[in-house]
Amino acid sequence: MSTETQKETLGFQTEVKQLLKLMIHSLYSNKEIFLRELISNASDASEKLRFEALSNADLYENDGDLKIRVEFDEEAKTVSIIDNGIGMSRQDVVDHLGTIAKSGTASFFSSLTGDQAKDSQLIGQFGVGFYSAFIVAKQVDVYTRRAGLDASEGVHWSSAGEGEFSIENVELPQRGTRIVLSLKEGDEEFANAFRLRTLVRKYSDHIAIPVLMEKQEMPSDEEEGEEKKADKAPELETVNSATALWSRSKSELTDEEYKEFYKHVSHDFAEPLAWAHNQVEGNLEYTSLLYLPERAPFDLWNRDAPKGLKLYIQRVFIMDQADEFLPLYLRFIKGVVDSKNLSLNVSREILQKDPNVDKLRTALTKRALDMLAKLAKNEPEKYNAFWKEFGQVLKEGPAEDYANREKVLKLLRFASTHNDNAEQTVGLDDYISRMKEGQEKIYYVVADSYNAAKSSPHLEIFRKKGIEVLLLSDRIDEWMMSQLFDFDGKSFQDVSKGELNLGEVESEEEKKQQEEVAKQMEGLTERLTGALGERIKEARVTHRLTDSPACLVVGDYDMGAQMRKIMEAAGQAVPEVKPIFEYNPEHPLIAKLDKEPDEDRFKDLALVLFDQAELAAGGQLDDPAAYIGRLNKLLLELSA
Numbered sequence: 001m002s003t004e005t006q007k008e009t010l011g012f013q014t015e016v017k018q019l020l021k022l023m024i025h026s027l028y029s030n031k032e033i034f035l036r037e038l039i040s041n042a043s044d045a046s047e048k049l050r051f052e053a054l055s056n057a058d059l060y061e062n063d064g065d066l067k068i069r070v071e072f073d074e075e076a077k078t079v080s081i082i083d084n085g086i087g088m089s090r091q092d093v094v095d096h097l098g099t100i101a102k103s104g105t106a107s108f109f110s111s112l113t114g115d116q117a118k119d120s121q122l123i124g125q126f127g128v129g130f131y132s133a134f135i136v137a138k139q140v141d142v143y144t145r146r147a148g149l150d151a152s153e154g155v156h157w158s159s160a161g162e163g164e165f166s167i168e169n170v171e172l173p174q175r176g177t178r179i180v181l182s183l184k185e186g187d188e189e190f191a192n193a194f195r196l197r198t199l200v201r202k203y204s205d206h207i208a209i210p211v212l213m214e215k216q217e218m219p220s221d222e223e224e225g226e227e228k229k230a231d232k233a234p235e236l237e238t239v240n241s242a243t244a245l246w247s248r249s250k251s252e253l254t255d256e257e258y259k260e261f262y263k264h265v266s267h268d269f270a271e272p273l274a275w276a277h278n279q280v281e282g283n284l285e286y287t288s289l290l291y292l293p294e295r296a297p298f299d300l301w302n303r304d305a306p307k308g309l310k311l312y313i314q315r316v317f318i319m320d321q322a323d324e325f326l327p328l329y330l331r332f333i334k335g336v337v338d339s340k341n342l343s344l345n346v347s348r349e350i351l352q353k354d355p356n357v358d359k360l361r362t363a364l365t366k367r368a369l370d371m372l373a374k375l376a377k378n379e380p381e382k383y384n385a386f387w388k389e390f391g392q393v394l395k396e397g398p399a400e401d402y403a404n405r406e407k408v409l410k411l412l413r414f415a416s417t418h419n420d421n422a423e424q425t426v427g428l429d430d431y432i433s434r435m436k437e438g439q440e441k442i443y444y445v446v447a448d449s450y451n452a453a454k455s456s457p458h459l460e461i462f463r464k465k466g467i468e469v470l471l472l473s474d475r476i477d478e479w480m481m482s483q484l485f486d487f488d489g490k491s492f493q494d495v496s497k498g499e500l501n502l503g504e505v506e507s508e509e510e511k512k513q514q515e516e517v518a519k520q521m522e523g524l525t526e527r528l529t530g531a532l533g534e535r536i537k538e539a540r541v542t543h544r545l546t547d548s549p550a551c552l553v554v555g556d557y558d559m560g561a562q563m564r565k566i567m568e569a570a571g572q573a574v575p576e577v578k579p580i581f582e583y584n585p586e587h588p589l590i591a592k593l594d595k596e597p598d599e600d601r602f603k604d605l606a607l608v609l610f611d612q613a614e615l616a617a618g619g620q621l622d623d624p625a626a627y628i629g630r631l632n633k634l635l636l637e638l639s640a
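Encoded structure:
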């Protein structure tokens, strides 16, 4: 088949067209990042060839000197990025340059707002890679051949970025990829030697593959005015340092170099919040460079989304997103691990069985948690920013990582009655430092929202006595707390569960008085139990209320309301839990109820109080119409 008959024009995937339009407008003020993205891709292609050649040296095609070249033509207004890496086949080109094969694409586009400033940040998190070329190019041509394929199987891809692209087979003796950008009017600055050289040094100095450009020399007196000989090949020079950044000493690296390397490994446009660089020698030899992103990716909650560190073995790239080296609750950590203890022919299956991987996972998890602890201690404002983005993921940690449970617990942050806002800034160490004398428990309440938690009637006695209570309202909170038992010798207590016992915070005299009141109210307790019947497990006097007439609590080991709602929404069977009706003997409504001689009216009043307690707890009424009917009846009696 001739190359002409193999030419075809195809349409971009809908998401690609959306991305191109958004990207060109949103990233207009940061055009130069196209060079970083394209050189980063060329570096990845070279690393992948090096890895595949470990098992098939023929892929080098007698050319093992991996490099990237940046060329330009000021007259033609073009910039070219050329690599002799792995290259692409025709199908690779269609798959990689015509579609976005990335999980969570739909949710990414649904999160776009139309606000260019906000959307540019989201696009940066998504990672535009190759498509960034269209920020400065009116047309992009890609010439590529996959290593190992015949020269006749080269591919030419071309597009103006307006909805479609053409693709045809061409003869390419050299493996790898050449990307030619025909610059837009106004972007000719990028076809300038000094500008390109500056950008390569700024964005790609950390890349281990050498980036070459034509050497620029001032002509000598003898050559002044003479034309260059047409057959004289240009002399090339390496523009970047071409050394794996993580292998260099921390003392010789600048913050800017660390930040640019982060953007290379993460494809994030924003700078990292923090990083930890460690070189370890001994029985387990490895180098790690871990980064904490500034913002959560759009697919953070997709536990199956690609994640993990870039894995190198003795500086040879092995795989992207090796997720065996960190637990799932640290899936937001980006970076590199380079080990000397693993075999070069490693695969994902081998990684799952290699005992050295377990050792590395233990060590790297400790490094990551230490980085977070250091940030929390030294830069609390930055840590609070991290917590807003990633706190709910970190809350998965205590249940998933028993060995590091105490470390993770120290990193958790909560809203509490100590503060007047919904900010989750209270750590457990902070809470314990403010505990009342004699207090032995860490008290908390779980609700659907911060306002519901803050307004919970279960807090009334705690406010009266000045005892701090943690206010939990994230969807994960009740599940997390069900996995926790104690911290620093203090047990956790849900204030809406079980019978309230404030321990030594209450005096013996107070406890004795409560027992006497409960005994005096036995008659009312019995009447309420009969009136509420099957709706409750039991009725009893409470001393946890000071302003409300009644509240509902569940048993110590019963499922709370938040977890029930989540399970019901997921279509899962939920065990029946009957609440305990607790009433405040000092409230005027309870006093009036106690004196009510008419049993039918007593039952109506009791049911109204029960439904109000259900609503106050954030629950839903089984029969709202019946509640309204009873309430209206009582209102009419009052107005009569």
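Residue 185 in the UniProt record's numbering sits at position 185 of the sequence shown; the count goes up by one each step and never skips.
Quick reminder that beta carbons are idealized off the backbone N, C-alpha and C, glycines included.
Once you ignore the five residues that flank residue i on each side, which residues in its own chain have a CB closer than 8 Å to its CB?
| i | result |
| --- | --- |
| Val-211 | Ile-39, Lys-67, Ile-68, Arg-69, Val-70, Val-200, Ser-204, Thr-238, Val-239, Asn-240, Ala-242 |
| Phe-72 | Thr-78, Val-79, Ser-80, Phe-190, Ala-191, Asn-192, Ala-193, Leu-196 |
Please look up how many angstroms separate the CB atoms of residue i and residue j, rounded, as I've assumed it's under 8 Å.
| i | j | result |
| --- | --- | --- |
| Ile-536 | Phe-581 | 5 Å |
| Ala-550 | Asn-584 | 7 Å |
| Gln-562 | Asp-448 | 6 Å |
| Ile-461 | Thr-546 | 6 Å |
| Phe-51 | Ile-135 | At roughly 30 Å, the Cβ-Cβ gap does not stay under 8 Å, so Phe-51 and Ile-135 are not in contact. |
| Val-446 | Leu-459 | Wrong, their Cβ atoms sit about 12 Å apart, outside the cutoff. |
| Lys-497 | Asp-556 | 5 Å |
| Asp-401 | Pro-327 | 5 Å |
CB-CB under 6 Å to residue i, same chain, minus the five flanking residues each way: which ones, in chain order?
| i | result |
| --- | --- |
| Tyr-60 | Ala-53 |
| Gly-148 | Leu-59 |
| Lys-215 | Glu-235, Glu-237 |
| Asp-187 | Val-136 |
| Leu-589 | Pro-549 |
| Ala-373 | none |
| Leu-605 | Leu-593 |
| Leu-245 | His-206, Phe-261 |
For the alpha helix (DSSP H) that contains residue i, what are its first and last residues?
| i | result |
| --- | --- |
| Trp-246 | Segment: none, Trp-246 is in no alpha helix (DSSP H) and carries neither H nor E. |
| Asp-429 | 428-433 |
| Val-446 | Not the alpha helix (DSSP H): Val-446 falls in the beta strand (DSSP E), residues 441-446. |
| Trp-275 | Looking at the DSSP string, Trp-275 is not in any alpha helix (DSSP H); the run it does join, the beta strand (DSSP E), is 274-280. |
| Glu-478 | 477-482 |
Give the single residue among the options whose Cα lies nearest to the Cα of residue i.
| i | options | result |
| --- | --- | --- |
| Leu-552 | Ile-318, Gly-530, Ala-569, Val-577 | Val-577 |
| Asp-63 | Leu-528, Glu-74, Ala-133, Gly-176 | Gly-176 |
| Ala-452 | Asp-255, Leu-471, Ile-467, Thr-144 | Leu-471 |
| Gly-11 | Tyr-262, Lys-48, Glu-162, Thr-417 | Glu-162 |
| Trp-301 | Leu-20, Glu-406, Arg-475 | Arg-475 |
| Ala-296 | Ala-244, Pro-272, Ile-318 | Pro-272 |
| Glu-396 | Met-481, Asp-558, Lys-21, Asp-95 | Met-481 |
| Gln-97 | Ile-82, Tyr-143, Asp-83 | Strictly speaking, residue 97 in this sequence is Leu, with Gln absent from that position. When each option's Cα is compared against that of Leu-97, the closest is Tyr-143. |
| Ser-288 | Val-541, Gln-572, Glu-522, Lys-340 | Lys-340 |
| Leu-309 | Lys-436, Ala-57, Gln-279, Leu-364 | Leu-364 |
| Gln-321 | Gly-335, Tyr-329, Ser-639, Gln-620 | Gly-335 |
| Tyr-312 | Asp-44, Lys-263, Val-16 | Asp-44 |
Could you check whether the Cβ of residue i sits closer than 7 Å to any heavy atom belonging to the ligand MN?
| i | result |
| --- | --- |
| Ser-339 | For the structure depicted, the ligand MN is absent and the ligand set is empty, with no information on it obtainable. |
On the CB-based measure, 16 or more other CB atoms within 10 Å of its CB, does residue i come out buried or exposed?
| i | result |
| --- | --- |
| Asp-150 | exposed |
| Ser-46 | buried |
| Arg-463 | exposed |
| Ile-350 | exposed |
| Leu-394 | buried |
| Asp-255 | exposed |
| Ala-539 | buried |
| Ser-103 | Only weak support is given to the placement of Ser-103: the predicted model assigns it a pLDDT of 48, under 50, and the value that follows is read from those uncertain coordinates. Classification of Ser-103: exposed, given that the 10 Å Cβ count is below 16. |
| Asn-41 | buried |
| Ala-422 | exposed |
| Asn-404 | buried |
| Phe-485 | exposed |
| Ala-208 | buried |
Could you pull the start and end residues of the beta strand (DSSP E) that residue i belongs to?
| i | result |
| --- | --- |
| His-156 | 154-159 |
| Asp-323 | First-last for Asp-323: undefined, no H or E at that position. |
| Gln-174 | From DSSP, Gln-174 is part of no beta strand (DSSP E); its letter is neither H nor E. |
| Glu-294 | Counting along the chain, Glu-294 falls outside any beta strand (DSSP E), and DSSP gives it neither H nor E. |
Give every residue of the same chain whose Cβ lies closer than 7 Å to the Cβ of residue i, excluding the five residues on either side of it in the sequence, and list them in chain order.
| i | result |
| --- | --- |
| Glu-168 | Thr-3, Gln-6, Lys-7, His-156 |
| Glu-637 | none |
| Gln-514 | His-543 |
| Asn-84 | Asp-63, Leu-66, Lys-67, Gln-174, Arg-175, Gly-176 |
| Leu-409 | Pro-398, Leu-428, Phe-487 |
Can you confirm whether residue i, when its beta carbon is compared against all beta carbons of chain B, has any partner nearer than 8 Å?
| i | result |
| --- | --- |
| Glu-389 | In the structure shown, chain B cannot be found, because there is only a single protein chain. |
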